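Residue numbering for the sequence shown follows our numbering, starting at 4 and increasing by one per position. Where is the CB? At the ideal position from N, CA and C, for every residue including glycine. Since the structure is predicted, the reported quantities are computational estimates derived from the model, not experimental observations.
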Amino acid sequence: MAAIHMDGKALAAKVKEEVAAQVAGMERKPGLAVVLVGDNPASRVYVNGKKKDCAECGIYSEEYAIPAETTQQELLELVETLNGREDIDGILVQLPLPRHLNEKEVLLAIRPDKDVDCFHPCPPAGVMRMLKEYGIDPAGKHCVIVGRSNIVGKPQAMLMLRENATVTICHTKTPDLKAECLRADILVAAAGRVGLITGDMVKEGAVVVDVAMNRNEAGKLCGDVVFEEAAQRASYITPVPGGVGPMTRAMLMENTLYAAKQHGKQ
Ligand code: NAP
Numbered sequence: 004m005a006a007i008h009m010d011g012k013a014l015a016a017k018v019k020e021e022v023a024a025q026v027a028g029m030e031r032k033p034g035l036a037v038v039l040v041g042d043n044p045a046s047r048v049y050v051n052g053k054k055k056d057c058a059e060c061g062i063y064s065e066e067y068a069i070p071a072e073t074t075q076q077e078l079l080e081l082v083e084t085l086n087g088r089e090d091i092d093g094i095l096v097q098l099p100l101p102r103h104l105n106e107k108e109v110l111l112a113i114r115p116d117k118d119v120d121c122f123h124p125c126p127p128a129g130v131m132r133m134l135k136e137y138g139i140d141p142a143g144k145h146c147v148i149v150g151r152s153n154i155v156g157k158p159q160a161m162l163m164l165r166e167n168a169t170v171t172i173c174h175t176k177t178p179d180l181k182a183e184c185l186r187a188d189i190l191v192a193a194a195g196r197v198g199l200i201t202g203d204m205v206k207e208g209a210v211v212v213d214v215a216m217n218r219n220e221a222g223k224l225c226g227d228v229v230f231e232e233a234a235q236r237a238s239y240i241t242p243v244p245g246g247v248g249p250m251t252r253a254m255l256m257e258n259t260l261y262a263a264k265q266h267g268k269q
């Protein structure tokens with residue numbers, strides 16, 4: 004069986020078009036502030052992508068690229084200023100922060116109604132949207148999630164539960180990962196380990212979603228799933244790149260639009 008490739012790039016373009024159409028009809032454009040501390044090259048790529056998405060959607064964006072030596076106090080003051088700005092609906096502090104800064108304290112300082120990266124966590128929301136687009140209903144299915152981080156694995160489990168899936172979460176202390184994965188109707192890989200999910204871990208006909216964004220030895224972007232093998236057994240599969248990644252970015256645009264609409268009501 005050859006799996007259907009779930010095209011996150013095409014779907015993300017559609018979502019962004021929908022956001023752009025709504026923004027076009029708004030008197031005050033939504034505003035997103037992106038804060039980048041230091042010069043992590045991967046973070047720079049993500050921030051550039053977000054700025055491009057904003058431009059495409061008609062969302063006003065501001066970038067704060069501040070030095071790696073910025074103190075906790077200075078960063079908190081910047082967040083505070085952005086919290087008070089009426090033209091800024093969303094604040095995104097690009098992670099990871101340099102070691103000397105306390106990430107948790109900074110994220111907690113963002114006004115909850117402006118925390119666009121958090122109120123519908125972007126990667127898991129992107130996964131759910133993609134399943135919906137392809138007519139895959141998690142209700143009654145067994146969903147196995149590999150990874151239990153606060154930004155991907157755990158919120159993904161919550162969203163799957165909300166859609167009435169039966170959920171198993173695996174991590175490094177799971178004794179038999181293969182056996183767990185083989186029970187999955189929907190397998191979500193979010194471990195950040197190249198080649199972790201091989202074809203023989205995929206149940207015939209399963210839906211395979213690869214959230215990971217890893218670099219292999221050659222420096223090429225890849226997921227956790229050995230794609231060619233898994234695609235032989237899966238019914239649907241997301242590629243990396245071009246799967247969950249673009250959807251994550253599109254969800255940020257939707258969240259920013261949502262925040263602006265909420266602020267418009269206040
Ligand atoms: P993380 O914080 O490092 O968490 C990884 C999770 O996977 C942990 O819970 C870990 O278990 C588990 N894990 C690692 N190796 C494992 C193994 N061999 N067997 C079973 N479980 C294993 O990573 P993250 O921030 O959640 O990100 C995960 C991946 O998603 C990364 O590749 C990241 O780049 C990607 N990501 C993609 C997007 C996107 O837009 N597509 C957004 C965010 C992140 P323990 O808890 O036991 O350590």
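In whole angstroms, give me the CA-to-CA distance for isoleucine 189 and glutamate 72.
43 angstroms
Quick one: what does DSSP say aspartate 213 is sitting in, helix, strand or coil?
strand
What is the rounded straight-line gap between the Cα of alanine 194 and the Cα of tyrosine 63?
Their backbone Cα atoms lie some 34 angstroms apart in a straight line.
Using 8 angstroms as the threshold, is the C-beta distance between glycine 226 and alanine 237 below it?
The beta carbons of glycine 226 and alanine 237 sit no closer together than 8 angstroms.
Unbroken stretches of the alpha helix (DSSP H), 4 residues or longer, contained in the segment 157-212
180-185
Does the structure place the segment 48-56 close enough to the segment 102-113 that three or more beta carbon pairs sit under 8 angstroms?
no
Using 10 angstroms around the beta-carbon of lysine 19, count the other beta-carbons present and answer buried if the total reaches 16, otherwise exposed.
buried
Between which two residues does the beta strand (DSSP E) harbouring methionine 37 extend?
One detail in the question is off: residue 37 reads as valine in this sequence, not methionine. That run of the beta strand (DSSP E) goes 34-40.
Does the ligand NAP have even one heavy atom less than 7 angstroms from the beta-carbon of serine 216?
The amino acid occupying residue 216 in the given sequence is methionine; serine does not appear at that position. Yes, the beta carbon of methionine 216 sits closer than 7 angstroms to at least one heavy atom of the ligand NAP.
On the criterion of 16 or more Cβ atoms from any shown chain inside 10 Å, does asparagine 167 qualify as buried, or is it exposed?
exposed
Alpha carbon to alpha carbon, how far is valine 155 from valine 191? Give it in angstroms, no decimals.
Rounded to whole angstroms, valine 191 to valine 155 spans 10 angstroms at the Cα level.
How would you call leucine 224, buried or exposed, if buried means at least 16 neighbouring beta carbons within 10 angstroms?
exposed
I'd like to confirm something about glycine 248: is its beta-carbon nearer than 7 angstroms to some heavy atom of the ligand NAP, or not?
Yes.
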